[in-house]
Each structure stands twice: as structure tokens, then as C-alpha cells.
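J.: Before I ask anything, here is the structure I am working with.
Okay, structure coming up:
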């Protein structure tokens with residue numbers, strides 16, 4: 003293990019941001035692929051809260067937060083066939099992960115009525131059977 007990050011967010015805060023800023027808010031924090039998923043969801047506030055929270059946790063694993071050029075849209079969350087969240091890094095986030103020696107970032111996301119929580123674990127070293135980083 004090399005780094006951990008966690009975050010919790012009140013969904014009511016995200017709802018207020020979404021009401022105040024409209025589509026500017028999701029476009030600021032979501033990649034184009036995530037925007038596609040967002041536009042298909044029935045739970046827009048929950049989706050935004052989970053993504054926001056997860057990206058905050060990942061930024062802590064990187065050790066930068068949202069500085070050194072790392073932006074929300076440099077962090078992308080997709081899901082495998084079983085629904086497991088997978089992290090894809092782009093731009094400054096990918097460069098920071100490489101500089102930090104990260105080989106993978108594992109992510110867990112959960113939410114309840116008013117809160118979303120995320121936990122991220124960054125690992126260093128080679129992955130068994132892998133020739134490239136899993137982010």
C-alpha cells in the first residue's frame with residue numbers, strides 16, 4: 003500500500019450546487035463518458051454526490067488534492083461488468099500517479115439517504131499479470 007484517501011459528502015450540499023449552477027456543475031466534475039451515464043440516471047443528485055466524493059478520495063491518494071493541474075475531469079470512474087468501480091486517470095492526474103509510483107487505485111463508493119462516502123487505495127509496484135498501470 004502506498005496511499006489512502008476517503009471523503010464523505012452531504013447529498014443536500016450537492017443538490018444545492020446543482021440547483022444553483024445547473025448543468026455547469028456536472029460538466030465541471032464529469033468526463034464526457036460520465037456525462038452520458040449522468041444523463042441516463044434517475045438519481046441525478048446521488049450520481050453527482052457519489053462521483054464528487056469518489057474523485058475527492060482519489061485526489062487524496064494522488065497527494066495533490068485538486069492542485070498541480072489536477073482537475074475533476076482528469077479523474078474518471080467507470081464500472082466493470084459486475085458494477086465494480088474502476089479508476090481511469092488522464093492529464094495531470096495520470097502524470098502525478100506516475101511520479102508517485104502508483105500502479106493501481108482501488109475504489110469503493112457507497113451512499114445512503116443523505117450522504118455519499120468513498121474510500122480509495124493507491125498501490126505501488128507491479129500487478130500480477132499486468133504490464134501497465136491499472137488506472
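Residue numbers (the working numbering): 3 to 137.
Ideal Cβ positions, reconstructed from N, Cα and C, are used throughout, including at glycine.
Please report the distance separating the alpha-carbon of residue 118 from that of residue 13.
T.: Rounded to whole angstroms, residue 118 to residue 13 spans 7 angstroms at the Cα level.
J.: Measuring alpha carbon to alpha carbon, tell me which residue in 86, 39, 92 and 116 is nearest residue 108.
T.: Considering only alpha carbons, the answer is 86.
J.: With a cut-off of 8 angstroms, do at least 3 Cβ pairs link the stretch 34-42 to the stretch 95-104?
T.: As far as the Cβ criterion goes, the stretch 34-42 does not touch the stretch 95-104, which means the pair count is below three.
J.: Identify whether residue 69 lies in helix, strand or coil by the three-state DSSP scheme.
T.: Residue 69 falls in the coil class under three-state DSSP.
J.: Alpha carbon to alpha carbon, what distance is there between residue 113 and residue 126?
T.: Distance between the alpha carbons of residue 126 and residue 113: 28 angstroms.
J.: Confirm the yes/no value for this check: CB of residue 91, any heavy atom of the ligand SAM, distance under 6 angstroms.
T.: Absent from the structure shown: the ligand SAM. Ligands present: none.
J.: Residue 51 and residue 16: beta carbons closer than 7 angstroms?
T.: Yes.
J.: Where do the N-terminal and C-terminal ends of the beta strand (DSSP E) with residue 121 fall, by residue?
T.: 117-126 is the span of the beta strand (DSSP E), which, as asked, contains residue 121.
J.: Can you list, in chain order, the residues of its chain whose CB lies under 7 angstroms from that of residue 82, leaving out five sequence neighbours each side?
T.: If we look at residue 82 and ignore the five residues flanking it on each side, its Cβ neighbours are 88.
J.: List, from N- to C-terminal side, the alpha helix (DSSP H) runs of 4 residues or more that fit wholly inside the stretch 44-104.
T.: The qualifying runs are 46-64 and 93-102.
J.: Can you tell me the Cβ-Cβ gap for residue 80 and residue 95, rounded? I've got them flagged as a contact below 8 angstroms.
T.: Between residue 95 and residue 80 the Cβ distance is about 15 angstroms, and since that is not below 8 angstroms, they are no contact.
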